[in-house]
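Peer 1: Just so we're aligned: 673 in my numbering is position 162 of the sequence shown, and the numbers increase by one with no gaps anywhere.
Beta carbons: idealized from backbone N, C-alpha and C, even for Gly.
Supplied in structure tokens, the structure appears directly below.
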Amino acid sequence: MIRKILFLALAVSMYACKTEPKKADPATEADTKSVTESDDWIVLFDGKSTEGWRAYNGDALPPGWVARDGALTFDTELGLEQDYEGGKDIIYGAEEFDNFELYLEWKLPEGGNSGIFYHLKEGHKSPPEVSPEYQLIDDVNYARIHDLTEYNKSLGYTENPGELKPLQQTGSDYAMHAADPNGKILNPIGEWNSSKIVFTPEKVEHWLNGKKVLSFVPWSEDWYERKNSEKWKNSEDYGKYKTGFIGLQDHASPIWFKNIKIKKL
Numbered sequence: 512m513i514r515k516i517l518f519l520a521l522a523v524s525m526y527a528c529k530t531e532p533k534k535a536d537p538a539t540e541a542d543t544k545s546v547t548e549s550d551d552w553i554v555l556f557d558g559k560s561t562e563g564w565r566a567y568n569g570d571a572l573p574p575g576w577v578a579r580d581g582a583l584t585f586d587t588e589l590g591l592e593q594d595y596e597g598g599k600d601i602i603y604g605a606e607e608f609d610n611f612e613l614y615l616e617w618k619l620p621e622g623g624n625s626g627i628f629y630h631l632k633e634g635h636k637s638p639p640e641v642s643p644e645y646q647l648i649d650d651v652n653y654a655r656i657h658d659l660t661e662y663n664k665s666l667g668y669t670e671n672p673g674e675l676k677p678l679q680q681t682g683s684d685y686a687m688h689a690a691d692p693n694g695k696i697l698n699p700i701g702e703w704n705s706s707k708i709v710f711t712p713e714k715v716e717h718w719l720n721g722k723k724v725l726s727f728v729p730w731s732e733d734w735y736e737r738k739n740s741e742k743w744k745n746s747e748d749y750g751k752y753k754t755g756f757i758g759l760q761d762h763a764s765p766i767w768f769k770n771i772k773i774k775k776l
């Protein structure tokens, strides 16, 4: 009789262990949750439709931008940096945003380059003239594949101009604030990464794969010093807009985006 009782108790215990659901890690749950699971999020790309997306200063998506296999994709051959003359950047043109939390996932090929724009206004020659950019790039291989020398010299980099500089690396506020390399996690080429931008007038945060890699205060004294000292010193309209469109960059590189969503703050 005792053996039967022990056997039943063991069986019940094993069944409970198998059926008890695993608890989600609270540190990663927000980044992995489906874009349809929260009422606070506005879905900008659902994996199927390109509705709302169009060319910067245009009426339709440029050739090459398609929804494929659940990703908003720019289908092209990799071009070289030294030959780059501008691209077919796109915007989510259905609505402008001021204060927000933007989340998306992305991947690049070897030697790839792209970026995320915000507070973007149309009517200018190109998004970088006016919009801050969260940089997306192959940190490891870009300088090996592309010749950065002439471009970097034009920015005043005379020492090792062929290098990819910190202000040009993934997670940075391009040419303004460098991402912190300590603890920065960038997944290998071909694997998905997640990025998040949190914008308020008090502080801007850049996140990469669940880690905060950068924070700064927009339109502060330090911000204006940086804006007026290097790449943007002759760009009168750079960063001045406090509301605008979300944009994605074509920098002569294939690029894949998915789970694009935004929350108003």
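#1: Given a cut-off of 8 Å, decide if S764 and N624 are closer than it, judged by their beta-carbon atoms.
#2: Per DSSP, K707 is paired with what?
#3: According to DSSP, simplified to helix, strand and coil, what is W734?
#4: Could you give the DSSP three-state label for V523: helix, strand or coil?
#5: Which of helix, strand or coil does DSSP assign to A654?
#6: On a Cα-Cα basis, can you pick out the residue from G682, S683 and Y662 that is closest to G673?
#7: Between A686 and P699, what straight-line distance do the alpha-carbon atoms span, to the nearest angstrom?
#8: Whole angstroms is fine: what's the gap from S683's alpha carbon to N568's?
#9: Would you call the CB atoms of K707 and Y595 closer than 8 Å?
#10: Is it a yes or a no for the segment 767-774 touching the segment 581-596, going by three-plus beta-carbon pairs under 8 Å?
#11: To the nearest angstrom, how far is the alpha carbon of V641 from that of L591?
#12: Roughly how many angstroms separate the alpha carbons of L678 and D551, rounded to a whole number?
#13: Going along the chain, which residues of its own chain have a beta-carbon closer than 7 Å to the beta-carbon of G622, five neighbours each way excluded?
#14: Suppose contacts are defined by Cβ-Cβ distances below 8 Å. Is W743 in contact with Y749 by that definition?
Peer 2: Reading it off the structure:
#1: To locate residue 624, count along the sequence shown from 1; it is residue 113. To locate residue 764, count along the sequence shown from 1; it is residue 253. In contact: N624 and S764 (Cβ atoms closer than 8 Å).
#2: In the sequence shown, residue 707 corresponds to position 196, counting from 1. Among the bridge pairs identified by DSSP, K707 is matched with Y614 and W718.
#3: Within the sequence shown, the letter at position 223 stands for residue 734. Three-state DSSP puts W734 in a helix.
#4: One-based indexing of the sequence shown puts residue 523 at position 12. Unreliable placement is indicated for V523, whose pLDDT of 41 sits below 50; no coordinate value is reported for it.
#5: Counted from its first residue, the sequence shown places residue 654 at position 143. It is helical.
#6: For the purposes of this step, residue 673 is taken as residue 162 along the sequence shown, with counting starting at 1. Per the Cα distances, Y662.
#7: Within the sequence shown, numbered from 1, the residue matching residue 686 stands at position 175. Within the sequence shown, numbered from 1, the residue matching residue 699 stands at position 188. The straight-line gap from Cα to Cα measures roughly 24 Å.
#8: For the purposes of this step, residue 683 is taken as residue 172 along the sequence shown, with counting starting at 1. For the purposes of this step, residue 568 is taken as residue 57 along the sequence shown, with counting starting at 1. Those two C-alpha atoms are separated by around 26 Å.
#9: Residue mapping note: residue 707 aligns to position 196 of the sequence shown, counting from 1. Residue mapping note: residue 595 aligns to position 84 of the sequence shown, counting from 1. In this structure, K707 keeps its C-beta atom at 8 Å or more from the C-beta atom of Y595.
#10: When Cβ pairs closer than 8 Å are counted between the two stretches, the segment 767-774 is seen to touch the segment 581-596, the count reaching three or more.
#11: As a position in the sequence shown, residue 641 is number 130, starting the count at 1. As a position in the sequence shown, residue 591 is number 80, starting the count at 1. Straight-line Cα distance between these residues: approximately 24 Å.
#12: As a first step, residue 678 must be located in the sequence shown, where it is residue number 167. As a first step, residue 551 must be located in the sequence shown, where it is residue number 40. Answer to the nearest angstrom: the Cα atoms are 32 Å apart.
#13: Residue numbering aside, residue 622 sits at position 111 when the sequence shown is read from its first letter. Within the same chain, G622 has close Cβ partners L589, D649, N652, Y653, I656 and H657.
#14: For the purposes of this step, residue 743 is taken as residue 232 along the sequence shown, with counting starting at 1. For the purposes of this step, residue 749 is taken as residue 238 along the sequence shown, with counting starting at 1. The Cβ atoms of W743 and Y749 lie closer than 8 Å to each other.
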